[in-house]
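> Numbering (numbering that gives the first Met the number 0), first residue to last: 0 to 148. Handing you this structure, nothing more for now.
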Amino acid sequence: MYRHADGPFAARHSLHAYNLKTDTFLWQIDSIGIPANNMRRVEVYNDKVYMPAEWRVHCFDAFTGEKIWEKDMPNSVQQIDFADSRLLAVKDEVMANAPGKKLYSFNASTGNLLWSVNPYTATANRDLLEYNGVIYLSSSGNGLLVGID
């Protein structure tokens with residue numbers, strides 16, 4: 000991430016790929032967008048890298064760095080709406096949650112929106128976990144553990 004003197008909204012993500020087997024640098028993409036403020040910035044699944052930045056989900060080819068798709072988060076009107084979101088890729092879907100918004104599922108290959116779930120699923124801790132086909136998360140504000148098939 001590039002830091003900027005004007006604050007976090009002037010900062011920009013960069014993405015770097017390194018092959019651990021061959022000990023070689025593969026590619027780099029600079030200035031992708033305003034960074035998501037979390038430690039899990041990327042999700043890797045089926046030779047693709049998924050990354051939240053601004054109010055978008057970005058998908059890149061893991062071997063070449065070529066952008067495959069980019070999709071806006073529905074109903075997110077400011078970049079801060081997506082600042083703490085997490086991504087989870089499983090079973091050809093990429094799930095993304097925005098605080099105070101819905102949980103969204105995108106097709107992992109095309110980025111097309113597949114489904115969304117009511118706003119109660121926006122999580123307090125932002126983590127999404129999958130076990131036996133169920134997505135688990137804690138519901139914001141009411142202390143519930145939510146499971147979504």
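Ideal Cβ positions, reconstructed from N, Cα and C, are used throughout, including at glycine.
Tell me the DSSP secondary structure of Arg-55 in three-state form.
For the purposes of this step, residue 55 is taken as the residue at position 56 of the sequence shown. In this structure, Arg-55 counts as strand in the three-state DSSP scheme.
> Residue range of the beta strand (DSSP E) that Ala-16 falls in?
Taking the first residue of the sequence shown as position 1, residue 16 is located at position 17. Counting along the chain, the beta strand (DSSP E) containing Ala-16 begins and ends at 14–18.
> Taking the beta strand (DSSP E) that Asp-29 falls in, what are its first and last residues?
Your numbering for residue 29 matches position 30 in the sequence shown. Unbroken run through Asp-29: none, as it is neither H nor E.
> Return helix, strand or coil for Ser-104, following the three-state DSSP convention.
Within the sequence shown, numbered from 1, the residue matching residue 104 stands at position 105. Strand, per DSSP.
> Within 10 Å of its beta-carbon, does Phe-105 have 16 or more other beta-carbons around it, so buried, or fewer, so exposed?
As a working note, residue 105 is residue 106 in the sequence shown. So Phe-105 counts as buried.
> State the start and end residues of the unbroken beta strand (DSSP E) segment that holds Leu-113.
Residue mapping note: residue 113 aligns to position 114 of the sequence shown, counting from 1. Counting along the chain, the beta strand (DSSP E) containing Leu-113 begins and ends at 112–116.
> Measure the alpha-carbon distance for Lys-47 versus Glu-129 and round it to whole angstroms.
Position 48 of the sequence shown holds residue 47. Position 130 of the sequence shown holds residue 129. Between Lys-47 and Glu-129, the C-alpha separation is close to 19 Å.
> Flag this pair as yes or no: are the beta carbons of Asp-71 and Trp-54 separated by less than 8 Å?
For the purposes of this step, residue 71 is taken as residue 72 along the sequence shown, with counting starting at 1. For the purposes of this step, residue 54 is taken as residue 55 along the sequence shown, with counting starting at 1. Closer than 8 Å, so yes.
> Check the C-beta distance from Leu-113 over to Asp-126 and give it rounded, since I have them as a contact under 8 Å.
Residue numbering aside, residue 113 sits at position 114 when the sequence shown is read from its first letter. Residue numbering aside, residue 126 sits at position 127 when the sequence shown is read from its first letter. So it is not a contact: roughly 21 Å between Cβ atoms.
> Taking the alpha carbon of Ser-108 as the point to measure from, which residue in Val-133, Pro-73, His-57 has its own alpha carbon closest?
The residue labelled residue 108 in the question sits at position 109 within the sequence shown. The option with the nearest alpha carbon to Ser-108 is His-57.
> Bridge partners of Lys-66, per DSSP?
Stepping through the sequence shown from its first residue, residue 66 is reached at position 67. Per DSSP, Phe-59.
> Which residues in the same chain have their Cβ closer than 6 Å to the Cβ of Gly-146, if we skip the five residues on either side of it in sequence?
For this step, residue 146 is matched to residue 147 along the sequence shown. Around Gly-146: Val-133, Tyr-135.
> Tell me the rounded alpha-carbon separation between Thr-23 and Ala-16.
Against the sequence shown, residue 23 aligns to sequence position 24. Against the sequence shown, residue 16 aligns to sequence position 17. Roughly 9 Å between the two C-alpha positions.
> Taking only three categories from DSSP, how would you classify Asn-45?
For the purposes of this step, residue 45 is taken as the residue at position 46 of the sequence shown. Coil, per DSSP.
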